[in-house]
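Asks: Protein chains in written order, with the working numbering: chain A, 1 to 289; chain B, 1 to 334.
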Amino acid sequence: MEFTLLINAIIAGLLLGVFYAAVTGGVSISFGMLDIVNIAHPGFIILGSYIAYIVNSSFGIDPIVVSILALPLFYLLGTAVYQIYYVSFEKFGQESLRGLAFFFGLLFVTEVCLLLVFGVDYRSVNAGYIGPSLHLGPMEFPLRLLVPCLVSLAMFAALQLFLSRTFIGRAVMAVSQDPTALRLMAVDPTRIKRIAFGISIATASMAGAFLIIIQPVIPSVGRDYIGRIFAICVLGGLGSLPGTLIAALLLGVIESITSVFYGPSWAPAVSFGILLLTLAVRPSGLLGR
Amino acid sequence: MRTPVFIFWEVVVGAALFLLFRNYGNDYLFFAGYTVLQFIVLGTAWNILGGYCGYVNFGTAGFFALGAYSSVFFYNIGQNLDDIMPEKLLAPMQWIFPLPVPVLIVIAGAVAGLIGLGTGYLTLRLRGVFFAIATLALAVVLQTLVVNWDFVGGSRGAYVIPPEKIPVFGPYIQYLFMLMLILVVVSLTVARLIERSRLGYGFATIRDDEMAAEASGVPTLRLKLIATVVSGALMGMAGATFPFYIGYVEPDSAFNLSYAVNSIAMPMIGGTTTWAGPLIGAILLGTLQQVATVTISSAVNLLIVGLLLIGFVIVAPSGIVGLWQKWVRKGPKP
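1. Cβ of L251 (chain A) less than 8 Å from any chain B Cβ?
2. Go ahead and label V109 (chain A) buried or exposed: buried means 16 or more other beta carbons lie within 10 angstroms of its beta carbon, across all protein chains shown.
3. Whose Cβ in chain B lies nearer than 7 Å to the Cβ of A280 (chain A)?
4. Just how far apart, CA to CA, sit Y159 (chain B) and F151 (chain B)?
5. Count the other CB atoms, across all protein chains shown, that sit within 10 Å of the CB of P334 (chain B); report buried if there are 16 or more and exposed otherwise.
6. Would you say P334 (chain B) faces chain A, with C-beta separation under 8 Å as the test?
7. By how many angstroms is the C-alpha of S253 (chain B) removed from the C-alpha of F242 (chain B)?
8. Determine which residues of the region 164–197 of chain B have a Cβ less than 8 Å from any Cβ of chain A, and write them out in chain order.
9. Which chain A residues sit within Cβ distance under 7 Å of A45 (chain B)?
10. Can you give me the start and stop residues for the beta strand (DSSP E) that S133 (chain A) sits inside?
11. May I ask you to list, following chain order, the residues of the region 317–332 of chain B that have a beta carbon less than 8 Å from some beta carbon of chain A?
12. How about L176 (chain B) and F73 (chain B): do their beta carbons lie closer than 8 Å?
13. Is it right to say F59 (chain A) is buried, meaning 16 or more other beta carbons lie within 10 angstroms of its own, or is it exposed?
14. Which two residues bound the contiguous alpha helix (DSSP H) that contains M206 (chain A)?
15. Compare the C-beta of D121 (chain A) with all C-beta atoms of chain B and state if any pair is closer than 8 Å.
16. Residues of chain A with a CB under 8 Å from the CB of F130 (chain B): which are they?
17. Helix, strand or coil for P171 (chain B) per DSSP?
18. So what's Y28 (chain B) in DSSP terms, helix, strand or just coil?
19. Would you tell me roughly how many angstroms separate the C-alpha atoms of G119 (chain A) and N301 (chain B), rounded to the nearest one?
20. Cutting at 7 Å between CB atoms, please list the residues of its own chain near V328 (chain B), excluding the five before and the five after it.
21. Start and end of the beta strand (DSSP E) containing M139 (chain A)?
22. By alpha-carbon positions, which one of A:N8, A:R282, A:Y50 ends up nearest to D121 (chain A)?
23. Just confirm the distance between the C-beta atoms of V221 (chain A) and I54 (chain A), as a whole number of angstroms; I'd bet it's less than 8 Å.
24. Starting from P298 (chain A), trace the alpha helix (DSSP H) both ways and give me its first and last residue.
25. Just to confirm the assignment, what range does the alpha helix (DSSP H) spanning M211 (chain B) have?
26. For a contact meaning CB atoms closer than 9 Å, what does R44 (chain A) contact in chain B?
27. Counting only beta-carbon separations shorter than 8 Å, does F63 (chain B) have a partner in chain A?
28. Check each residue of the region 20–54 of chain B: if its Cβ is closer than 8 Å to any Cβ of chain A, include it; give the result in chain order.
29. Beta carbon of N256 (chain B): closer than 7 Å to some heavy atom of the ligand MG?
30. Classify I84 (chain A): buried if its beta carbon has 16 or more other beta carbons within 10 angstroms, exposed otherwise.
31. Taking 8 Å as the CB-CB limit, is P142 (chain A) close to chain B?
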């Protein structure tokens with residue numbers, strides 16, 4: 001019986017891990033590649049969850065479809081935020097202290113606005129795959145984890161292809177390393193960064209939909225994800241999407257096993273432990289350069 | 001102004017405030033004033049690391065709660081002495097417990113300072129961003145620990161019942177107000193001393209160009225650790241009296257994110273380079289919030305703080321003090 005429990009904990013952890021990767025993907029781009037410490041990312045994710053919730057509860061459209069439809073909206077939001085950030089901080093090289101405070105304020109304002117509009121009730125969405133599970137022998141695959149997991153994988157593959165195959169994608173990878181060289185290639189680094197930041201926020205739309213499929217959401221839930229997101233991002237080696245995926249799977253499994261065997265209230269401590277350990281032992285992460 | 005003179009004026013202003021409240025105000029004024037004073041301490045403490053060194057600490061709530069829960073811990077020991085202490089120790093322990101609040105404040109400072117030292121030692125060698133993220137996560141983890149620790153109340157919370165009256169001061173809140181006033185004097189003095197000492201210049205070199213500072217022989221890691229410990233300890237001390245103030249502590253209120261936001265917003269709005277910045281920011285924002293909580297709602301006042309923070313960071317990066325200095329330098333138009 002103990003063995004079945006362990007197997008299922010690992011499966012749930014792996015499924016959850018892929019979801020964590022989707023949540024972290026955006027930060028891997030903004031923090032890892034663009035060097036923009038967007039701690040407001042969880043705020044955008046929760047925003048995505050609530051948009052999925054509103055459309056789902058009033059029109060009954062599938063949350064994942066909603067999140068895909070909302071991609072352009074989030075992309076524009078991202079470019080707008082980057083524009084403000086660039087004009088006010090990055091242009092003068094003042095990004096460290098004030099930039100952090102700016103994003104922190106943004107996170108806080110998003111949370112309080114959602115709180116004022118929706119209150120502190122837990123919100124959830126309706127879809128056919130929330131509830132049933134797929135059984136394979138002793139193994140159980142809850143569909144509400146499996147579906148976001150598969151879509152996450154697709155999203156991750158698309159991101160990786162975009163970054164490694166297209167010109168703009170390669171320019172994004174290049175901009176963090178040598179903006180001057182990029183300028184010599186007649187590419188405007190600011191434009192590239194704006195596009196990349198837009199994409200990073202766009203992923204938050206989908207991650208938000210996954211989140212509200214997996215668990216009911218309240219405005220303050222985003223905070224729980226900050227430690228997790230940055231732990232994964234640092235562990236994966238900043239700016240490496242495959243590294244992010246591996247780190248996310250690792251964290252997912254460890255967290256899941258912790259919560260099955262020691263109780264769910266201990267799970268948040270795991271990510272922080274891993275974060276501190278990584279920072280102390282190997283700050284460049286698993287696949288860091 | 002020399003330091004003893006500065007302290008003298010602080011004490012004079014503090015005493016005047018206290019007497020004014022005592023003679024012309026009511027208990028509500030003490031309750032509201034306590035909150036503002038608490039934010040002055042938190043803002044000043046944050047600024048020692050954030051403003052002077054340029055290292056952002058998002059974990060104010062964590063350090064604050066650490067102080068609050070260390071008080072709860074020792075209070076609970078005092079309440080359950082018969083069960084906890086072995087027979088032999090009971091008599092001397094009964095003599096020691098319950099610990100007076102000033103002692104609890106010192107203990108809380110030590111605990112929070114130690115945690116600051118630990119976190120700092122692990123993360124301060126890296127870029128400042130990592131420290132910021134670690135402090136953010138630290139608050140979450142401390143909260144997890146407290147939620148799972150039944151002795152200090154767990155997720156249910158703990159009651160700390162202060163006596164209603166106390167000799168000399170009368171109502172207990174006046175005593176707490178006085179303690180917080182002393183903490184304000186201490187933290188402002190510390191901040192001002194740092195600002196004008198070798199230490200402060202060292203901090204400023206870290207803020208402006210850490211690489212250059214390190215290259216010219218400034219012991220950056222040691223200085224950053226000092227700043228983290230001092231700042232964390234002051235935050236913990238501000239939290240130590242919180243259980244006695246509120247009477248009932250639960251993790252959500254002690255770890256409230258509003259402490260983190262306020263302690264960043266206040267120095268940012270006031271100005272981060274001098275001790276006066278957090279003071280001005282805390283008085284303005286603290287009073288504004290007290291008014292907004294009563295007249296509108298507590299969620300709205302948090303929104304105001306967040307928006308003010310974003311606005312000031314973008315439009316007036318050096319805060320009110322910076323605006324003032326600019327105005328003085330230019331001079332009023334004839």
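Built from N, CA and C at the ideal position, the CB exists for glycine as well.
Replies: Concretely, from the data shown:
1. For the purposes of this step, residue 251 (chain A) is taken as the residue at position 251 of the first sequence. No Cβ of chain B is located within less than 8 Å of the beta carbon of L251 (chain A).
2. Taking the first residue of the first sequence as 1, we reach residue 109 (chain A) at position 109. With 16 or more Cβ atoms within 10 Å of its Cβ, V109 (chain A) is classed as buried.
3. Taking the first residue of the first sequence as 1, we reach residue 280 (chain A) at position 280. In chain order: L122.
4. Here residue 159 (chain B) is taken as the residue at index 159 of the second sequence, counted from 1. Here residue 151 (chain B) is taken as the residue at index 151 of the second sequence, counted from 1. So the alpha carbons of these two residues sit roughly 12 Å apart.
5. Looking up residue 334 (chain B) in the second sequence gives position 334. For P334 (chain B), the predicted structure reports a pLDDT of 48, less than 50, and the residue's modelled location is therefore unreliable. A value from the coordinates is still provided. A residue is called buried once 16 or more other Cβ atoms fall within 10 Å of its Cβ, and P334 (chain B), having fewer, is exposed.
6. Start at 1 with the first residue of the second sequence, and residue 334 (chain B) comes out as number 334. Unreliable placement is indicated for P334 (chain B), whose pLDDT of 48 sits below 50; no coordinate value is reported for it.
7. Numbered from its first residue, the second sequence carries residue 242 (chain B) at position 242. Numbered from its first residue, the second sequence carries residue 253 (chain B) at position 253. Between F242 (chain B) and S253 (chain B), the C-alpha separation is close to 10 Å.
8. If you check each beta-carbon in the region 164–197 of chain B against every beta-carbon of chain A, none falls closer than 8 Å.
9. Within the second sequence, the letter at position 45 stands for residue 45 (chain B). Within chain A, no residue comes near A45 (chain B); the closest Cβ sits about 16 Å away, beyond 7 Å.
10. Residue mapping note: residue 133 (chain A) aligns to position 133 of the first sequence, counting from 1. Note, S133 (chain A): beta strand (DSSP E), 133–136.
11. The residues in question are P317.
12. In the second sequence, residue 176 (chain B) corresponds to position 176, counting from 1. In the second sequence, residue 73 (chain B) corresponds to position 73, counting from 1. No, the Cβ-Cβ distance between L176 (chain B) and F73 (chain B) is not below 8 Å.
13. Within the first sequence, the letter at position 59 stands for residue 59 (chain A). F59 (chain A) should be labelled exposed.
14. Working through the first sequence from its first residue, we reach residue 206 (chain A) at position 206. Taken as a continuous stretch (DSSP letters only), the alpha helix (DSSP H) holding M206 (chain A) covers 189–214.
15. For the purposes of this step, residue 121 (chain A) is taken as the residue at position 121 of the first sequence. No, because no Cβ of chain B sits closer than 8 Å to the Cβ of D121 (chain A).
16. Sequence index remark: in the second sequence, residue 130 (chain B) carries index 130 (1-based). Neighbours of F130 (chain B) in chain A, taken as residues whose beta carbon is under 8 Å from its own, are V234, L279, P283 in chain order.
17. By 1-based counting over the second sequence, the position of residue 171 (chain B) is 171. Here P171 (chain B) sits in strand by DSSP.
18. As a working note, residue 28 (chain B) is residue 28 in the second sequence. In the three-state DSSP reduction, Y28 (chain B) falls in the helix class (H, G or I).
19. As a first step, residue 119 (chain A) is located in the first sequence; it is residue number 119 there, counting from the start. As a first step, residue 301 (chain B) is located in the second sequence; it is residue number 301 there, counting from the start. Those two C-alpha atoms are separated by around 15 Å.
20. Here the question's residue 328 (chain B) lines up with position 328 in the second sequence. Here the set comprises nothing.
21. Here residue 139 (chain A) corresponds to residue number 139 of the first sequence, with the count starting at 1. Element bounds for M139 (chain A): 139–142.
22. As a first step, residue 121 (chain A) must be located in the first sequence, where it is residue number 121. In this structure, A:Y50 is the residue among A:N8, A:R282, A:Y50 with its C-alpha nearest to the C-alpha of D121 (chain A).
23. Mapped onto the first sequence, residue 221 (chain A) falls at position 221. Mapped onto the first sequence, residue 54 (chain A) falls at position 54. At roughly 17 Å, the Cβ-Cβ gap does not stay under 8 Å, so V221 (chain A) and I54 (chain A) are not in contact.
24. No answer is possible for residue 298 (chain A): it lies beyond the span of chain A, which begins at 1 and ends at 289.
25. Sequence index remark: in the second sequence, residue 211 (chain B) carries index 211 (1-based). Looking at the DSSP string, the run of the alpha helix (DSSP H) that includes M211 (chain B) is 198–215.
26. Reading the first sequence from its first residue, position 44 is the one you call residue 44 (chain A). Per the sequence shown, residue 44 (chain A) should be read as Phe rather than Arg. Result: empty, since nearest Cβ-Cβ is about 15 Å, beyond 9 Å.
27. Residue 63 (chain B) sits at position 63 when you count from the first residue of the second sequence. No - not a single Cβ of chain A is within 8 Å of the one on F63 (chain B).
28. Under the 8 Å Cβ criterion, the region 20–54 of chain B contributes G50, G54.
29. Annotation note on the ligand MG: not contained in the displayed structure, which lists no ligands.
30. The sequence position of residue 84 (chain A) within the first sequence is 84, counting from 1. Exposed, since its Cβ has fewer than 16 Cβ neighbours within 10 Å.
31. Reading the first sequence from its first residue, position 142 is the one you call residue 142 (chain A). Proximity of P142 (chain A) to chain B, defined by a Cβ-Cβ separation below 8 Å, is not satisfied.
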